[in-house]
Every structure is written in structure tokens, then in C-alpha cells.
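In the numbering used here, the protein residues as written are 756 to 1046. Cβ atoms here follow ideal geometry from the backbone N, Cα and C, with glycine treated the same way. Remember, predicted model here, so these are calculated numbers, not experimental data. All remarks here apply to the structure that follows.
Below you can see the structure in the form of C-alpha cells.
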């Protein structure tokens, strides 16, 4: 089943839900087929109607917009599904990039599938994949983590789950939390290769590469950070040793109750395969938390 005639200028599409990728910065990156579907859709579902309206206005698209985001999704979703069942055509977009990646579109698509509503879409820009391509880090295996928890302890627990995954990790982060993310990633994963991409496809596009330890030291304050950040962390190297896990944390916490950081690390390093500098950084973090 196809959504449209195979040419650049169409005047009809099949009813259903279309998942449309939109530009991540440069408005010229909107595919031709995406423009056609947005023009013909009865409704464009978007996270922020003000943001999406700028894109639609740029291409003289006058379709109705309806806000669909994490705060109203539960209330709005049944109404959307009812209209789709009645034969309407809706286009689902995010503020930037491909919908369903770090946005609330997942449940809508799942329920539309359950109700046998036609699902199609237009592939296109994605900040995570583009950052991975520009990073120079291994791209044969990668894991998209989206936004990690805003709370340090929960974020560290999440990172521990991926310590031994032999793949590049893709993480979205805000300027305010970038320094703490890099610090936690270094303490949990060790000094892996890393790339930080910001303002992708925009005038101030920048990719900063280095080790996690170097970048954690470079980005120590969020005061001067602006833009939207994508962090790509390389996989563990073949000769890397095991990194911090919950068992190691508990052992360190017990030791730190009875001895100094140096002595605790010395004691544990004799029975652990974890690098001493990783143990030391983790011990400092745990000690500061308990004070």
C-alpha cells in the first residue's frame, strides 16, 4: 500500500496516520514528500503549535494544527483516534527530527495499529543518527538512550546498565545538565571516546571530540552553554577492564565508613579488575554524596 502517487506533485493521499520527520535546524531539510503530505493532511499533530506553525508558514502550508504532547496526550489521543477511524488524515510531527524518538508519539501509533488505522510516514532528519555519523565513533552498533534521568543517582544507575554493551551510546541532553551527565558518564563508564554535537544543521553547528575525562573537565559549568546537545559515547575498548557496578558501589561505601578514599581504593583494587582511577573517581563521588 502506498500513500501517494509516485511524483513530486500530488493532490490526494490515503486516510490514516503519517509520521513525518521534520528539520532539526535547517528548514531546507524538509523532504518534498513530507511537504505534500503536510499540505494535504486534515490535521498536523505537533508538540508545540507555535514552533510547528513557523515551519508550515515557511512552506505556505495551511493545515490545521493540534497540540499533542506529554501533558495532554492521554486526553487528546482518544479524540484523534476517533477522527482517524472516521477517515481523516493526520500528520504527526515532533518539534525537530523524527517523531517517536524522545517524544509522546509512541502510544498514539500503538493504539492506531491496534485499531487497524493505516500507518505510513516520511523518513528524514534525526539528530542522534546525524551526530553519530559526524562523531567519527563506531557506527556499526549503536544504542539510542534519548534523555536520561534528571536525577544524578537515577542517571548513574541507568548508565551502569550499559557499561558492558559493545556499542556507541547516543544521549540527548540539555545545556544545564550536560556537565553533570559528562561527569557521571566518566565516573561510571571510564574515559571512553566521546563526541558532543550541538546546533546540528544550523549556522553554529559544532562537534567537539575527545575522551570523556577531557570533555568532563572542559564542560564544568552550564553558564556558557547554549543550544541542543547530542552526546555520543564510544564503546568500551577491547583492552578496557570492567567498570563500576552496584556490587562495587556497595563495597566502596562500606570501606569508606572505616578508611580514607586512598586506602579504600588501594584495598579494593587488589581484588577488582576495575581500573584504579575509575575506582578513585567513584569513591570521591560516593564520599561527597554522604557528607
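Give the range of the beta strand (DSSP E) segment to which residue i is assigned.
i	result
residue 845	844-847
residue 985	984-988
residue 820	819-822
residue 1006	Element bounds for residue 1006: not the beta strand (DSSP E) but the alpha helix (DSSP H), 1001-1011.
residue 727	Absent from the model: residue 727. The displayed extent of the chain is 756 to 1046, so no value can be given.
residue 953	948-953
residue 775	771-775
residue 800	798-801
Among the options, which residue has its Cα nearest to the Cα of residue i?
i	options	result
residue 959	781, 769, 775	781
residue 916	940, 854, 932	940
residue 902	882, 918, 920, 919	882
residue 818	1038, 847, 830	847
residue 849	802, 1011, 820	802
residue 851	767, 834, 955, 836	955
residue 905	897, 866, 914	914
residue 912	870, 1007, 1000	1000
residue 800	767, 814, 863	863
residue 791	876, 821, 806	876
residue 1007	963, 962, 992, 1029	1029
residue 898	867, 856, 974, 772	856
residue 1037	1025, 1026, 1011	1011
residue 907	805, 980, 1041, 806	1041
residue 853	965, 774, 985	774
residue 920	991, 837, 827	991
residue 836	812, 810, 870	870
residue 812	825, 793, 826	793
residue 932	947, 910, 946	910
residue 1004	1025, 1034, 929	1034
residue 866	809, 885, 814, 834	834
residue 886	779, 768, 1027, 973	779
residue 785	830, 842, 816	816
residue 942	918, 842, 930	918
residue 957	964, 946, 984, 976	984
residue 929	986, 973, 805	986
residue 965	946, 842, 783	946
residue 768	827, 843, 973	843
residue 787	1025, 814, 805, 900	814
residue 832	772, 972, 783, 1043	772
So residue i is in the alpha helix (DSSP H); what residue range does that whole segment cover?
i	result
residue 829	828-840
residue 867	860-869
residue 966	Counting along the chain, residue 966 falls outside any alpha helix (DSSP H), though it belongs to the beta strand (DSSP E) covering 961-966.
residue 808	804-813
residue 793	787-795
Roughly how far, in whole angstroms, is the beta-carbon of residue i from the beta-carbon of residue j, given that I think they are within contact range, below 8 Å?
i	j	result
residue 872	residue 840	7 Å
residue 789	residue 845	That pair is no contact at about 14 Å.
residue 879	residue 776	3 Å
residue 967	residue 944	7 Å
residue 770	residue 823	About 18 Å; that fails the 8 Å criterion.
residue 705	residue 1020	The first residue shown for the chain is 756 and the last is 1046, placing residue 705 beyond what the model contains.
residue 989	residue 949	7 Å
residue 1023	residue 962	About 37 Å; that fails the 8 Å criterion.
residue 820	residue 808	6 Å
Using only the heavy atoms of the ligand GTP, determine whether one of them is closer than 7 Å to the beta carbon of residue i.
i	result
residue 773	With respect to the ligand GTP, the structure offers nothing, as it holds no ligand at all.
Could one say the Cβ of residue i lies closer than 8 Å to chain D's Cβ atoms, at least one of them?
i	result
residue 849	Among the chains in the structure shown there is no chain D, since it carries only a single protein chain.
>> With a threshold of 8 Å, are at least 3 pairs of Cβ atoms found where one atom belongs to the region 930-944 and the other to the region 884-895?
In response: no
- Taking the runs of the alpha helix (DSSP H) that are 4 residues or longer, which of them lie wholly in the region 852-933? 860-869, 882-890, 907-915
Original post:
Do the region 919-930 and the region 1007-1016 touch if we need at least three Cβ pairs shorter than 8 Å?
Top reply: no
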